[in-house]
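What follows is a short report on a single structure.
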Amino acid sequence: MRFNIAFCAVLCYNAIDSKLKIYGRNSVKKDFFENSFNFSHYKIDSTAKSDYVQHMHTTYEFLLFISGDADYIIEDFKYTLAPLDLLIIPPTNYHYLILKSNKLYERFVINFPAKAGVLDLLDDLAPSGKVYHFKDIPEIKAAFEKTERYIETLSTKYLAAAIVNLVNDIIFRITTMNVPCEKKTDGKVSLCSEIVNYLQQDYRNINNMEQIAKKFYICQSHLSHIFQSELGISPMKYVRQKKLLLAKTLISEGNMPTHIYEFCGFSSYNTFLRAYEKVFGCPPTVDKSQD
2 MRFNIAFCAV LCYNAIDSKL KIYGRNSVKK DFFENSFNFS HYKIDSTAKS
52 DYVQHMHTTY EFLLFISGDA DYIIEDFKYT LAPLDLLIIP PTNYHYLILK
102 SNKLYERFVI NFPAKAGVLD LLDDLAPSGK VYHFKDIPEI KAAFEKTERY
152 IETLSTKYLA AAIVNLVNDI IFRITTMNVP CEKKTDGKVS LCSEIVNYLQ
202 QDYRNINNME QIAKKFYICQ SHLSHIFQSE LGISPMKYVR QKKLLLAKTL
252 ISEGNMPTHI YEFCGFSSYN TFLRAYEKVF GCPPTVDKSQ D
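All you need for my numbering is the position in the sequence shown, starting with 1, plus 1.
Shown next, in the form of structure tokens:
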């Protein structure tokens, strides 16, 4: 089942799955999933929006852009991608791809849990999502291709470790080779950015649109218009996804669902339960047993 706001496959797969899908003459999708680890190589010449839904997830994501004509949204900022750009997307950051033409789109993606044994420098590199430009370091593509070959040659026992090694290699290159980084444009902060920053900090305490609108002295219809036009999502859906991802993280750490729903900003357990099952497809008690 697809939702307008989807969660990455790493939240939906607990079994190990290695597969190759052919989408057309120039199209291929290759994936490896194991719990919260994901490695995928995606190449396609389609601009079908259903393939690029807006999403958030509980894992880090590294996306290496190879080719295409595309922009990428991370929270309230839009990046125009160039070959060998590497996006670092922290957990729970809202993000999605915008393809601007039928030009062949190719990318590698790796997802991994926040506590996966990677270097402690990761939070410093991308506290809110960044793009690093590797155009002068083509070895980065070879590193991803090497990891892809492991899907065919290594047992599943070692594939998650291979992903962690790749992440550490990337972090090491960024910190020792002065890889240029694209930063948000200086100057006046947009109203949408101000609202997003506020919601990121206080989403657990947000219960309705009126609270947000009053905070910024705007009407609710204008608030909704800003979010829909800039992010393609309603403000309350954005808030709800943040709450659910927090809940999922706490549950995966061993906390009982009945003990954390209020902390995550839900007024009742029944409300939390319905929202959780709608998005994740299973009750939180079942989800806990599978993590």
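Idealized CB from N, CA, C, for every residue including glycine. Being a predicted model, the structure only gives us computed values, none of them experimental.
From the DSSP output, read off the bridge partner residues of residue i.
{"i": "Leu-65", "result": "Leu-87, Phe-109"}
{"i": "Ile-172", "result": "In DSSP, Ile-172 forms no bridge with anything."}
{"i": "Ile-75", "result": "Phe-78, His-96"}
{"i": "Val-132", "result": "Leu-88, Glu-183"}
{"i": "Tyr-218", "result": "Tyr-218 is not bridged to any residue."}
Which whole-angstrom value describes the C-beta separation of residue i and residue j, a residue pair presumed to lie in contact below a C-beta threshold of 8 Å?
{"i": "His-96", "j": "Ile-75", "result": "5 Å"}
{"i": "Ile-261", "j": "Ala-248", "result": "6 Å"}
{"i": "Leu-64", "j": "Ile-45", "result": "Rounded, the Cβ-Cβ distance is 15 Å, inconsistent with contact."}
{"i": "Lys-136", "j": "Pro-84", "result": "6 Å"}
{"i": "Cys-193", "j": "Lys-131", "result": "Not quite, the Cβ-Cβ distance comes to about 19 Å (not below 8 Å), so this is no contact."}
{"i": "Ala-163", "j": "Thr-148", "result": "5 Å"}
{"i": "Val-119", "j": "Val-180", "result": "About 17 Å; that fails the 8 Å criterion."}
{"i": "Arg-174", "j": "Ile-152", "result": "About 22 Å separates the two Cβ atoms, so there is no contact after all."}
Alpha carbon to alpha carbon, how far is residue i from residue j?
{"i": "Ile-196", "j": "Asn-94", "result": "15 Å"}
{"i": "Tyr-270", "j": "Asn-206", "result": "16 Å"}
{"i": "Asn-209", "j": "Arg-150", "result": "48 Å"}
{"i": "Ile-99", "j": "Asp-72", "result": "5 Å"}
{"i": "Ser-37", "j": "Thr-60", "result": "7 Å"}
{"i": "Cys-220", "j": "Ala-214", "result": "6 Å"}
{"i": "Lys-79", "j": "Leu-160", "result": "32 Å"}
{"i": "Val-240", "j": "Gly-266", "result": "10 Å"}
{"i": "Glu-263", "j": "Lys-116", "result": "25 Å"}
{"i": "Tyr-303", "j": "Glu-254", "result": "In the structure as shown, the chain starts at 2 and stops at 292, and residue 303 therefore has no counterpart that could be examined."}
{"i": "Ser-156", "j": "Glu-146", "result": "17 Å"}
{"i": "Gln-229", "j": "Lys-279", "result": "22 Å"}
{"i": "Met-178", "j": "Thr-154", "result": "30 Å"}
{"i": "Thr-272", "j": "Phe-66", "result": "39 Å"}
{"i": "Leu-88", "j": "Asn-103", "result": "22 Å"}
{"i": "Ser-268", "j": "Leu-274", "result": "11 Å"}
{"i": "Asp-121", "j": "Met-257", "result": "28 Å"}
{"i": "Ile-172", "j": "Pro-92", "result": "17 Å"}
{"i": "Thr-81", "j": "Val-168", "result": "23 Å"}
{"i": "Thr-259", "j": "Lys-101", "result": "45 Å"}
{"i": "Lys-238", "j": "Ser-191", "result": "21 Å"}
{"i": "Gln-242", "j": "Glu-62", "result": "17 Å"}
Can you tell me whether residue i is buried or exposed? The criterion is at least 16 other CB atoms within 10 Å of its CB, across all chains shown.
{"i": "Ala-143", "result": "exposed"}
{"i": "Pro-114", "result": "buried"}
{"i": "Phe-217", "result": "exposed"}
{"i": "Pro-1", "result": "This structure cannot speak to residue 1, because the chain is shown only from 2 to 292."}
{"i": "Gly-282", "result": "exposed"}
{"i": "Leu-123", "result": "buried"}
{"i": "Arg-26", "result": "Confidence at Arg-26 is low in this model, with a pLDDT of 40, below 50, so its placement is unreliable and the value that follows should be read with caution. Label assigned to Arg-26: exposed."}
{"i": "Met-57", "result": "buried"}
{"i": "Arg-108", "result": "buried"}
{"i": "Thr-286", "result": "exposed"}
{"i": "Glu-211", "result": "exposed"}
{"i": "Gln-202", "result": "exposed"}
{"i": "Thr-327", "result": "A query on residue 327 cannot be resolved here, the shown segment of the chain reaching from 2 to 292 and no further."}
Tell whether a beta-carbon distance below 8 Å holds between residue i and residue j.
{"i": "Phe-40", "j": "Ile-111", "result": "yes"}
{"i": "Ser-222", "j": "Pro-236", "result": "no"}
{"i": "Asp-170", "j": "His-134", "result": "no"}
{"i": "Lys-244", "j": "Tyr-199", "result": "no"}
{"i": "Gly-294", "j": "Leu-105", "result": "Lying outside 2 to 292, the shown extent of the chain, residue 294 is not represented and no answer is given."}
{"i": "Gln-55", "j": "Ile-252", "result": "no"}
{"i": "Asp-77", "j": "Leu-246", "result": "no"}
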